[in-house]
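Participant: So that we are looking at the same thing, I have put the structure below in structure tokens.
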Ligand code: 13P
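In the working numbering, the protein residues as written are -4 to 256.
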């Protein structure tokens, strides 16, 4: 995969209000219509901005993503976002298992691997493509537990793949070391070569656990303090299929600056 055709996924978290999301989506739509971008560009606005951003991106090559979804398809689930409404927005992807969701920082309740696995199963059934985030905390890294944690997350969260015989799954796994995420302290961007090595190990693990039918189609992203200066270091790694960007992706001039022309 050439650097120019890699995936750039933007997680706007709760940084932007509805008006700001609309303004950024309009700028991205204009850029996308003017320039034939070869990258796969994915944008995940907050759920309240999803519908309007989806409308603005229609007819562009930018794909819409939600930041989370309910375990169940739709029904009596107060406060939840249903799959039916997600589809109405034109959403193609959903982020699952983000560390801010796993820790309880985002929703006030920590999502376990079991919950994430159930959501992933429903996503596959409903035809919404998951972007599964995995990553170790600083204390886990310092205790030498990185691969053990990643293995547990990967194997549990992807349990539904054992029942799938399709090789048409558009699944992405974002390796986001929790300690590298910009909002978790002074920005620490890991060495791209180290990220490449971990992703190589994850690809092997995926292949040995879920077989050669599924593994080659799964794309691996890196996320954590990616900015306009270090992005090419990550995208230049052979095993890194793309990046998942938080803070920087909400800065209009910086994000447009890194998109292809
Ligand atoms: P930052 O790019 O702000 O470190 O966030 C990464 C992230 O959490 C993307 O999901």
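All C-beta atoms in this analysis are idealised placements derived from N, C-alpha and C, irrespective of residue type, glycine included.
For clarity, every value in this text was computed on a predicted model and none was experimentally measured.
Relative to the C-alpha of residue 102, which residue among 63, 148 and 170 is closest?
Facilitator: Per the Cα distances, 63.
Participant: Taking the DSSP output, what are the residues bridged to residue 142?
Facilitator: According to DSSP, which records beta bridges pairwise, residue 142 is partnered with nothing at all.
Participant: When you measure from the CB of residue 58 to every non-hydrogen atom of ligand 1, does any distance come out below 8 Å?
Facilitator: Flag unset: Cβ of residue 58 not near ligand 1.
Participant: Please work out which residues of its chain come closer than 8 Å, Cβ to Cβ, to residue 137, disregarding the five sequence neighbours upstream and downstream, and give them in chain order.
Facilitator: None.
Participant: Suppose the cutoff is 6 Å on Cβ atoms and the five residues either side in sequence are ignored; what does the same chain contact list for residue 44 look like?
Facilitator: The residues are 13 and 16.
Participant: Tell me whether residue 106, by its Cβ, gets closer than 8 Å to a heavy atom of ligand 1.
Facilitator: Outside the cutoff, so no.
Participant: For residue -1, name the three-state secondary structure that DSSP assigns.
Facilitator: Residue -1: helix per DSSP, three-state reduction.
Participant: Pairing CB atoms from the region 84 to 91 with CB atoms from the region 47 to 64, are three or more of them under 8 Å?
Facilitator: In short, these stretches touch, since the Cβ pair count reaches three.
Participant: Report the partner residues of residue 167 according to the DSSP bridge assignment.
Facilitator: Residue 167 is bridged to 126 and 214.
Participant: Which term fits residue 100, buried or exposed, when burial requires 16 or more other beta carbons within 10 angstroms of its beta carbon?
Facilitator: With fewer than 16 Cβ atoms within 10 Å of its Cβ, residue 100 is classed as exposed.
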